[in-house]
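Working notes, beginning with the structure itself.
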Amino acid sequence: MKKTFYLFLLTGFLFVPACSKKTVTKYERPQNIYFIQSNAEISLFKETGSGSEKLGTIQETDSVEVISQIVTKNKDQDWVDYEIKCPERFSEKCKEGLGYLRDDEIISAVYVSKIQNGHANIRDVPGKKGTILPKTTVESATSTRNWISEPNKQLSVVVDKESFFFVVSSLFPNTDDQFRIWGELEIFSELLNDPSYKDSRYEAVFKKYSILKELEKKKKKPSKEDTTTPSLSGFDPIIIEGIRSRKEEAEKNYFSGFPMRSPTYKGLVFQFNKAKQYPFVQEKLFLEISKNAAYQITGGPAGLNLFTNTESATDAVEKLKSAGQSLESGTIIGNGKIEILGKEGSRFLLTQLDFQGKERSVQNYEIKSIVAEESGGSVGFRFKLDQTEIVLTPLVVSDYLLASGQGFKEFLATIPNDYKEILKNNSYNKALVLIAVKFGAGGFDELTGKMKYSIPSSTRYWTVLELVRLHPNITRTGDYSGSFADNSYESKQGRYTDLKWRQPKGQFYISGQYSPEDDSDVKYDRTEDLCFTESGSDDLEISFSPSEMRSEHPNVRVLFTKEFGNLCDYLNSYLFGASEEG
């Protein structure tokens, strides 16, 4: 179970009224800027607001103190600035020793917590350079960042559970990179308690993270004089449990999406062999691919003809028969499993069966390497073991690999060609998935590990309209007009109520009544904005995990790919619930 870590970043504020349209929120505790990358630079401005003069950029070495958050509200736009004490090198340019940063480069406290808890990714808020944290948290976060970035150099590390997962996730936003780093850190945690190992993957981590070697030296020959280096504080069981949880989640996503990583078996062979960099992933991938599959085997014990990976001997015999194999009295079947031993590596357990499934013998081999190769019209394998080498050539395409190539084409063939029929006969979310794979452009996205499809309004306007119009949170007063279940919207421009939609002649509009938060007696006219059109270039993006593709109740993310900058942002923020403030 994934632990939840809460960042109490905005506690202890003093609220200071500035004017009817400006709110100044002062920090009681000392706040500093944490830079996601050590070489990042954040723009510094002379005053608040959009028209202010840019003075230059601040860097991590400036160690600036953040004084307050300033929110300026007006009908057209909300501005968020952060007031800081100007660095010494800007003293002549700054007004009264103060400068301002804009929120377009600062990650909000809310979004930091979402990343920390594994509910968001920094790649979804491009352009962000840093965030504002308490001074002590910035110090520990920076220590963690420097260690993870250069593990061969850092020998004194401070880890803080309130920022650790945000720091690591921000350094490695890509799916595969996160998969690798969580696997490495899980091995690191094992070596921290017991540095002995046999497996080469453990050796690689031990050599990469220099602090392990130095801590072991210090343990064997403690020195009273040496109280600072090497040192590792805060790397406690809560951190280790969180690492393990994130590794398991990343692994699950990787395996579910693996068949989608290439449309060809040649490409999947490349992907499998590339997975060598991830500890024990090739072994686990082999078990997924070969489950209930049938192979011809060469090498290994004398007389061995066929191979399966099934739960029982009976299943092995039945699988080979269903693959068109004639089992005769001289046939010897190998039913194989892989046992992962951690520091001791992995072993290949080979049970020999006769043609009726009766056990003959069991061999146990140390695995030296696994290499995939294109063979038998699918993906085959070559195992280098401590005593022998075996080659597995597929007799049929495994169930696991049917999710790609031919299997995916067969799945597409079962989906109706009429989007209205899909919407009529399926739940809303399942219809989203089926419409995406049938009519959308896209496929597996290696960066996110998701299936990602785009449906353009320019060519499929009526499909996009139906997906909006039939959303469970939309109400209809007619075929092409209505309102929303949640009929108010707190936008960057202000609060709108009495939201309505209409669709005349290939154009979708949203209108609302602007409601100022102050006590102003100014009356505003009703606002209406055009969201998407039949002749426009407005793409609806639908994404989901590969494992959801055949689910009856899939978890799906939907959003328009452009930021409208007006009332239409309600579609993403509230209707689809997909966009999140950074």
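Letter by letter, the sequence shown follows residues -18 to -1, 1 to 564 in mature numbering (1 follows the signal peptide of the UniProt record, and there is no 0). Positions of the beta carbon are idealized from the N, C-alpha and C atoms, including for glycine. None of the values given here were measured: they were computed from a predicted structure.
Flag this pair as yes or no: are the beta carbons of residue i and residue j separated by less than 9 Å?
i           : j    : result
K28         : G239 : no
residue 566 : F147 : Nothing can be reported for residue 566: it is not among the residues displayed for the chain, which extend from -18 to 564.
G282        : T370 : yes
I221        : S152 : no
T39         : K4   : no
residue 602 : L447 : This structure cannot speak to residue 602, because the chain is shown only from -18 to 564.
F161        : N235 : yes
E516        : G488 : yes
I397        : I524 : no
V141        : S215 : yes
K8          : S34  : no
residue 573 : D60  : Given that the chain is displayed from residue -18 to residue 564, the structure contains no residue 573 and the question cannot be resolved.
S473        : D551 : yes
Buried or exposed for residue i, going by 16 or more other Cβ atoms inside 10 Å?
i      : result
Q338   : exposed
Y410   : exposed
G306   : exposed
G(-7)  : Any reading at G(-7) must be qualified, since the residue scores a pLDDT of 42, below 50, and its modelled position is unreliable; the value itself is stated next. Exposed, because fewer than 16 other Cβ atoms sit within 10 Å of the Cβ of G(-7).
T126   : buried
L549   : buried
Y(-13) : Low confidence applies to Y(-13): its pLDDT is 41, below 50, so where it sits in the model is not reliable, and the reading given next is rough at best. Result: exposed.
T211   : exposed
K301   : buried
P108   : exposed
L332   : buried
E42    : buried
S308   : exposed
S244   : buried
S519   : exposed
S182   : exposed
Y247   : buried
Y506   : exposed
L541   : buried
L323   : exposed
E65    : buried
N291   : buried
K434   : buried
T457   : exposed
Which residue's Cα is closest to the Cα of residue i: the options?
i           : options                : result
F526        : Y462, R364, D427       : D427
L167        : E47, P261, G494, F542  : P261
S25         : I49, N56, R11, C68     : C68
residue 587 : P245, L323, V379, E321 : The structure shown does not extend to residue 587, since the chain is modelled only from -18 through 564, so no value can be given for it.
L197        : Q495, S436, V139       : V139
R228        : W164, I169, Y191, N175 : W164
K135        : S343, D181, Y82, K195  : K195
A186        : S470, G327, K406       : G327
T509        : K110, S171, Q495       : Q495
V48         : Y247, V94, I88, D158   : I88
A298        : E310, G316, N287       : G316
T430        : M242, Q278, E310       : M242
R539        : F490, S436, R84        : S436
D158        : L374, R458, Q259       : Q259
When the Cα atoms are used, what is the spatial distance from residue i to residue j?
i           : j    : result
T118        : K36  : 29 Å
T313        : D336 : 6 Å
V92         : S131 : 25 Å
D44         : Y16  : 11 Å
Q13         : K420 : 50 Å
F289        : G318 : 7 Å
K482        : K273 : 53 Å
G362        : V251 : 8 Å
L173        : F254 : 27 Å
R226        : P133 : 19 Å
Y401        : G422 : 11 Å
A276        : A395 : 26 Å
D106        : E341 : 54 Å
I193        : I352 : 31 Å
S73         : Y82  : 13 Å
F466        : E534 : 26 Å
R477        : S497 : 5 Å
A257        : V263 : 6 Å
I97         : D368 : 44 Å
residue 579 : V344 : For residue 579 there is no data in the structure shown, the boundaries of the chain being -18 and 564.
N399        : G424 : 18 Å
L405        : D461 : 16 Å
Which residue spans inside the region 280 to 304 form an unbroken beta strand (DSSP E) run of at least 3?
288 to 290
Quick one: complete beta strand (DSSP E) runs, 3+ long, within the region 507 to 564?
509 to 515, 521 to 526, 539 to 542
In chain order, what are the residue ranges of uninterrupted alpha helix (DSSP H) at least 4 long that sit wholly in the region 301 to 348?
none
Mind listing, in chain order, the continuous alpha helix (DSSP H) runs of no fewer than 4 residues lying wholly within the region 81 to 123?
91 to 98
In chain order, what are the residue ranges of uninterrupted beta strand (DSSP E) at least 3 long that sit wholly in the region 360 to 405?
360 to 367, 371 to 376
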